[in-house]
Amino acid sequence: MLLAAGVAIGAAVMIGVRRMPPAPAATPATLAGRGGDLVVSMRTEPASFNRLTRRDASTELVSILTQAKLVRVNRASQAVEPWLATSWTRSADGLHYTLALRPDVAFSDGQPFTADDVVFSFAAAYDDRTSSVLADSLQANGRKLTVAALDAHTVVVTFPEPFGPGVRILDNLPIFPRHKLQAALAAGTLARAWDLKTPPAEIAGLGPFVLSEYLPGQRLVFVRNPKYFLRDDRGTPLPYLDRITVEIIPDQNAEMLALEAGQTDMTTDAMRPEDYAPLHRAADAGRVRLLDLGVSYDADSLWFNLKPGAFAQDPRASWIQRDELRRAISMAVDRKRFADTVFLGAGVPVFGPETPANREWFSADVPQTPYDPAGARALVASIAGGQSPRFTLLTQKGRTSLERGSAIIRDELQKIGVVVDVVPLDGNALIQRFVSGAGYDAIYFRAAATDTDPALTPDFWFSFGSAHMWNIAEKTPATQWEREIDTLMAKQIASSDLQERKRLFVEVQRIFAEHQPAVYFAAPRVFVASSSRVVNNAPALIRPQLLWAPDRVAVAGAARPTH
Amino acid sequence: MLSYLARRLIFAVFLVFAVSSASLVLVRLAPGDYATESLGIAAHADTAAQTRRRFGLDRPFAEQYRDWIVRAVHLDFGRSMAYDRPVSDLIPERAANTAVLAFTALAMATLIGLPLGIITGSRRSGLLPDLIRIVSVTLLSMPPLLTSLFLVFLAARTGWLPIGGMGGSPDAAGGRFLDVVRHLVIPAAALAMPLAAMFERMQSQAMSETIGQPFVMAALARGVPRSRVVWRGALKAALRPVTSIYGLVIGTLLSGSFAVEMITSWPGLGRLMLDALRARDVYLVAGCAAAGSVFLAAGTLVSDAALALVDPRAAE
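Note that the protein sequences, when read in sequence, are chains C and X.
Residue 2 is where the first sequence starts when you use this note's numbering, and the numbers rise one by one after that.
Residue 3 is where the second sequence starts when you use this note's numbering, and the numbers rise one by one after that.
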């Protein structure tokens, strides 16, 4: 593994900071035909076939292939689209959504889909004995929704309070077959249902594919679900593909080699900057298509431990939690150079948690910190009180962009008189330090966004949130500006007026930029690669970039539509 | 002899116990746990606590360790948290894959290394023996990790062989069996090449010494053809050193092919253990370590027994 990493770093050095040329933003759509196989690689195997209990990317991929939801957020356009629900209406008070379900839909085992399956799926996700990983993502402002079946094809979803994103939240819940899992829920054993020992024939879903074979440590094979209900605009039954084989290749270098050699058609993750050069050769030869998806939603950030009292016995208490220190750090780093070096020419400067990728919620009006090392030095001198500022920066070992980024931060801060001791830690150990809120000065890390709508990432913005990095799960807001953000976010979430929500969120971002509880430097551009035979997918920035709508993906050379 | 083997058996049991216990303790004491790993950075405290309760991670470590020991005595190594399956279910299927790889590599190493060792040991000079010696020394200095990286790179560039996985697809040309064989070539060769070099060097030295023995000289003086003396008479006597380490090599191969499995995506015990380590799946880590040490202990035992048979003084 070390050598593999060495090879990767070598490749990175070879391509240097060359700006990558633009690539097509989507694969051709005109060749889509029915039939054909696709081979996809994935680095880890699923922990379970039960999405209720696992949130790893592999289990999620199985769910994406085999299950359907009431609505689907189009990962490319970010619009909410009907899926199992054909339409919905909202009550005047904004609390109740009535959803009409698609009639004549059946699970892959032939059992009809009804409103009872929707009610069951919510009950399963909220069941305490199941301790579902989906429960947190199905709450509006920290409270559960209630769901009732009006008839076999109508459900009413009731929110505990007005909720701006509305039915978008339903994209978080796959619909499970009540007839298969009801007994397990009643017995309190749902958490252990559909484990990896379950015969594939036992797993029924509403998604475009069904699992036909699982070889531990090797591959999963999915074949077309003949009961899948969607058709394309020309009336051709979906999915286009006959079969998707997911090969498990644990090493990312081997994964890229397999793609380059034509032994797989795509990966389920984005490329690293260092993978670009070797794959570019395959692209030049016409074997591989490189796709530039644009700037990532996620950016690396640095935050200090702002928990009150965290440095009570520390002589650095007078300056280490001050806003001025974070502002000085923000001013000391040349973001353009940082982006070029850390992401090997494929990054852009960013100044806050929302990157330009988030077209709906990013605002160019939010103040941006200028590069001003002299100002930064003066600011540090003004708060240090004669001390030589020094702190430890934890980062995740093995993530090359984080390791490169923390090295640059160390070097840049040295120029303004701040000594930084960079300590790379194993991911689990890093999270442990962060969650405990003790035993760290500062962390440099990248947490992936789960949704682009800020109302669906409340744990980051609210002071009581579990992803409020600098001081998690505060009982009451520790500062006045956090209180203001809490108030604005509560209004923002409750509003059903999109323009008002945007205005409020710009205010939130302004306060954030003023205090910079987390300092952002750069976001990478996201590149994915697929073999040139893959057509008709709409790549998205969120994982799995090329397979979020597997029913639409096709391969060139498959049979033409027969309608 | 029997008491010697009994002593070695007791040592083997102690080895398995010590290795699995140490791995369990070390993984449990490392910062973080399965809940932080599986739920990620933004998990709610309640959700994390629920997960810890579900897997018993909220109990004192001494209590967890005591229960694990009691169960392990009954060959129950606990339940994997990452896979939510008994560890004793997960280990055999992966151990079988590792065994296929290890025995194939051993067969390749034996079939290549021993004959080449006989050639170099029975001829003092010449282009072929010199070439074999150079290649052997080069391969001996290359760990399997490097050879597997090189072979994977070669396969990717040429397209001659699959670069990863175990194959076994019924749709593959030639059927499931041939597909597995094609996928075996690279990982088995990566393991076999340094091993073949080692066998060649050992066999060469043993053969060289045997060739100088009076019984060989006498046979040659009587006019027996050299090839017959070397391949029949001298070979039998020169096999002892390699035979005595064969068991140990088997154990080492079965417990030590982890790096090759990772590079070549071979679904064996090594990959399972790495996944378990990443997930902080303490019971699965301990189970994998126990399986690895069982292989090593069994290999050592076989090696000791073989040595005792060849040279009874070793049992004293």
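Quick reminder that beta carbons are idealized off the backbone N, C-alpha and C, glycines included.
Check                                                                                                                         : Outcome
Contact under 9 Å by Cβ, Ala523 of chain C with Val351 of chain C                                                             : yes
Delimiting residues of the beta strand (DSSP E) encompassing Asp341 of chain C                                                : From DSSP, Asp341 of chain C is part of no beta strand (DSSP E) but of the alpha helix (DSSP H) over Arg336 to Val343.
Distance CB(Ala261 of chain X)-CB(Leu147 of chain X) smaller than 9 Å                                                         : yes
Helix, strand or coil at Leu221 of chain C [DSSP, three-state]                                                                : strand
C-beta neighbour in chain X for Arg20 of chain C, strict 9 Å                                                                  : Bear in mind that the predicted position of Arg20 of chain C carries a pLDDT of just 39, short of 50, making it unreliable; the figure below should be weighed with that in mind. No - not a single Cβ of chain X is within 9 Å of the one on Arg20 of chain C.
Rounded separation between Phe435 of chain C and Phe105 of chain X - CA only                                                  : 46 Å
Closer than 9 Å to chain X by CB, Lys181 of chain C                                                                           : no
Terminal residues of the beta strand (DSSP E) in which Thr115 of chain C lies                                                 : From DSSP, Thr115 of chain C is part of no beta strand (DSSP E); its letter is neither H nor E.
Gln79 of chain C and Glu361 of chain C closer than 9 Å at C-beta                                                              : yes
Short CB-CB distance (under 9 Å) between Val15 of chain X and chain C                                                         : no
Cβ shell of Ala149 of chain C (< 6 Å), same chain only, five flanking positions each side left out                            : Val157
Segments assigned alpha helix (DSSP H), at least 4 residues, entirely inside the segment 361-436 of chain C                   : 374-385 and 401-416
As assigned by DSSP and simplified to three states, the class of Tyr298 of chain C                                            : coil
Close-in-space but distant-in-sequence residues of the same chain around Leu186 of chain X (CB under 6 Å, 5 per side omitted) : Thr106
Residues of the segment 228-249 of chain C with Cβ closer than 9 Å to any Cβ of chain X, in chain order                       : Thr246, Glu248 and Ile249
Close-in-space but distant-in-sequence residues of the same chain around Ala382 of chain C (CB under 8 Å, 5 per side omitted) : Gly418
Neighbour flag for Ala569 of chain C against chain X, beta carbons, 9 Å                                                       : Past the edges of chain C, shown from 2 to 564, lies residue 569 of chain C, and the structure says nothing about it.
Members of the segment 274-287 of chain C near chain X, C-beta cut-off 9 Å                                                    : none
7 Å Cβ shell around Met168 of chain X - same chain, five flanking residues per side excluded                                  : Asn99, Val182, His185, Trp268 and Pro269
Within-9 Å CB hit, Arg56 of chain C to chain X                                                                                : yes
Residues that Ile249 of chain C bridges to, as DSSP identifies them                                                           : C:Met43
Contact check, Gly208 of chain C vs Tyr241 of chain C, beta carbons under 9 Å                                                 : no
Alpha carbon of Ser533 of chain C to alpha carbon of Val74 of chain C, nearest angstrom                                       : 26 Å
Simplified DSSP state of Val529 of chain C, which is helix, strand or coil                                                    : strand
His97 of chain C - containing alpha helix (DSSP H), residue span                                                              : Counting along the chain, His97 of chain C falls outside any alpha helix (DSSP H), though it belongs to the beta strand (DSSP E) covering His97 to Leu102.
Spatial neighbours of Ser49 of chain C in its chain, beta-carbon cut-off 6 Å, leaving aside the 5 residues before and after   : Arg55, Thr60 and Asp196
Sequence ranges, alpha helix (DSSP H) only - wholly within the segment 58-99 of chain X, length at least 4                    : 63-75
Members of the segment 37-56 of chain X that neighbour chain C once the beta carbon cut-off is set at 8 Å                     : Thr38, Glu39, Ser40, Leu41, Gly42, Ile43, Ala44, Ala45, His46, Ala47, Thr49, Ala50, Gln52, Thr53 and Arg56
Pick from X:Leu28, X:Ala50, X:Val29 and X:Val27 that is closest to Thr38 of chain X, judged by C-alpha positions              : X:Ala50
Chain C residues whose Cβ lies nearer than 9 Å to that of Asp343 of chain X                                                   : Within the shown structure, residues of chain X are numbered from 3 to 318, placing residue 343 of chain X beyond reach of any answer.
Nearest-angstrom Cβ-Cβ length linking Phe177 of chain C and Leu66 of chain C, presumed shorter than 8 Å                       : So it is not a contact: roughly 15 Å between Cβ atoms.
Candidates C:Val134, C:Thr90, C:Glu162 and C:Thr131, of which the one nearest Leu146 of chain C by Cα                         : C:Glu162
Thr155 of chain C - containing beta strand (DSSP E), residue span                                                             : Thr155 to Thr159
Min CB distance Leu180 of chain X to chain C below 9 Å                                                                        : no
Glu355 of chain C in three-state terms, based on DSSP                                                                         : coil
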